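Enquirer: Numbering (the working numbering), first residue to last: 263 to 547.
All residues carry an ideal CB built from backbone N, CA and C; glycine is no exception.
Computed from a predicted model, the values in this text were never measured in an experiment.
(1) Taking the C-alpha atoms as reference points, what is the distance between residue 317 and residue 341?
(2) Would you call the CB atoms of residue 545 and residue 531 closer than 8 Å?
(3) Could you name the residues of the same chain whose beta carbon sits closer than 6 Å to that of residue 335, not counting the 5 residues immediately before and after it, in chain order?
(4) Between the beta-carbon of residue 423 and the beta-carbon of residue 432, is there less than 8 Å?
(5) Run the CB neighbour count on residue 394, radius 10 Å, all protein chains shown included, and call it buried at 16 or more, exposed below.
(6) Nearest by alpha-carbon distance to residue 326: which of 310, 381 and 445 is it?
(7) Tell me, which residues are paired with residue 412 by DSSP?
(8) Do residue 311 and residue 513 come within 8 Å of each other at the CB atom, strictly closer than that value?
(9) Look at the Cβ atom of residue 482, then the Cβ atom of residue 474, and state whether they are nearer than 8 Å.
(10) Residue 461: buried (16+ other C-beta within 10 angstroms of its C-beta) or exposed?
(11) Starting from residue 383, trace the alpha helix (DSSP H) both ways and give me its first and last residue.
(12) Helix, strand or coil: which one does DSSP assign to residue 528?
(13) Please classify residue 434: does DSSP put it in a helix, a strand, or coil?
(14) Helix, strand or coil: how does DSSP classify residue 285 here?
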């Protein structure tokens with residue numbers, strides 16, 4: 263548990279003592295406010311997607327619950343700045359979707375000068391929060407996830423086959439927006455793993471697909487390689503590709519890229535063009 267997680271845990275412990283009023287928020291647990299898994303499935307979500315949506319909502323409630331505490335002031339200020347900068351309430355419309363931005367804010371954003379994320383704090387506080395075992399496992403998987411850049415390898419029935427650049431790992435994926443694209447496209451997406459691989463072993467494309475136009479697989483591979491060489495992981499054992507794609511070279515590295523690279527969109531996909539460190543290639547740089 264990191265220092266921020268420890269301080270927050272101590273504060274939450276005091277708030278759960280008998281006779282102590284639980285702030286001026288709705289209080290915790292907000293389980294009754296979370297989407298109902300059964301209803302989500304009835305509305306058309308596959309079970310894997312429903313499980314992740316429930317925990318995404320719980321993470322959002324946790325973020326709202328702790329954001330007014332002084333222990334989380336740095337987090338609140340940094341994420342608030344990013345939201346104002348990259349998701350303005352007025353025109354121009356931001357290409358940063360809610361799923362993309364909230365995943366960054368909950369699972370990728372490192373608070374202040376630490377390597378702690380909101381999800382790390384949530385996990386550390388679970389002895390007080392009390393997620394059920396399935397939700398807790400789902401939260402940990404979301405915390406470990408990251409965005410990635412993949413080449414479309416065709417379809418396997420109604421699932422998309424993606425191969426990650428650099429690692430060449432292949433994944434069979436369910437696209438939550440229904441966008442299936444075409445072979446050879448490059449996608450910038452967040453994959454979430456199966457929760458019960460013995461029942462269903464496909465991954466979930468949790469974010470709206472960002473389809474990368476204008477630059478080739480070779481262009482993106484070259485970018486990833488040169489950026490990994492400049493990367494300074496917080497741990498010697500940290501995978502440099504994971505560190506780059508999860509944390510970027512600056513706090514808002516990937517928010518900035520999506521914002522500056524926007525090309526156009528359709529209801530089930532967003533199209534970007536350009537390479538992050540080649541400003542001349544970015545249409546809004």
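Expert: The structure says:
(1) As a position in the chain shown, residue 317 is number 55, starting the count at 1. As a position in the chain shown, residue 341 is number 79, starting the count at 1. If you take the alpha carbons of residue 317 and residue 341, they lie about 20 Å apart.
(2) As a working note, residue 545 is residue 283 in the chain shown. As a working note, residue 531 is residue 269 in the chain shown. Not closer than 8 Å, so no.
(3) The residue given as residue 335 occupies position 73 in the chain shown. Closer than 6 Å at the Cβ level, and outside the excluded window around residue 335, lies no residue.
(4) Working through the chain shown from its first residue, we reach residue 423 at position 161. Working through the chain shown from its first residue, we reach residue 432 at position 170. The answer is yes: Cβ separation under 8 Å.
(5) The residue you call residue 394 lines up with position 132 of the chain shown. Per the 10 Å Cβ criterion, exposed.
(6) In the chain shown, counting from the first residue as 1, residue 326 sits at position 64. Of the listed residues, the one whose Cα sits closest to residue 326 is 381.
(7) Residue numbering aside, residue 412 sits at position 150 when the chain shown is read from its first letter. Looking at the DSSP assignment, residue 412 forms a beta bridge with 426 and 449.
(8) Numbered from 1 along the chain shown, position 251 holds the residue referred to as residue 513. Numbered from 1 along the chain shown, position 49 holds the residue referred to as residue 311. For residue 513 and residue 311, no; Cβs fall outside 8 Å.
(9) Along the chain shown, one-based indexing puts residue 482 at 220. Along the chain shown, one-based indexing puts residue 474 at 212. A contact, by the Cβ cut-off of 8 Å.
(10) As a first step, residue 461 is located in the chain shown; it is residue number 199 there, counting from the start. It is exposed - the Cβ of residue 461 has fewer than 16 other Cβ atoms within 10 Å.
(11) As a first step, residue 383 must be located in the chain shown, where it is residue number 121. 380 to 386 is the span of the alpha helix (DSSP H), which, as asked, contains residue 383.
(12) The residue labelled residue 528 in the question sits at position 266 within the chain shown. If DSSP states are grouped into helix, strand and coil, residue 528 belongs with the strands.
(13) The sequence position of residue 434 within the chain shown is 172, counting from 1. Correct three-state label for residue 434: strand.
(14) One-based indexing of the chain shown puts residue 285 at position 23. Any answer about residue 285 is weak, because its pLDDT of 39 lies below 50 and its placement is not dependable; what the coordinates show is given next. Note: residue 285 maps to coil in three-state DSSP.
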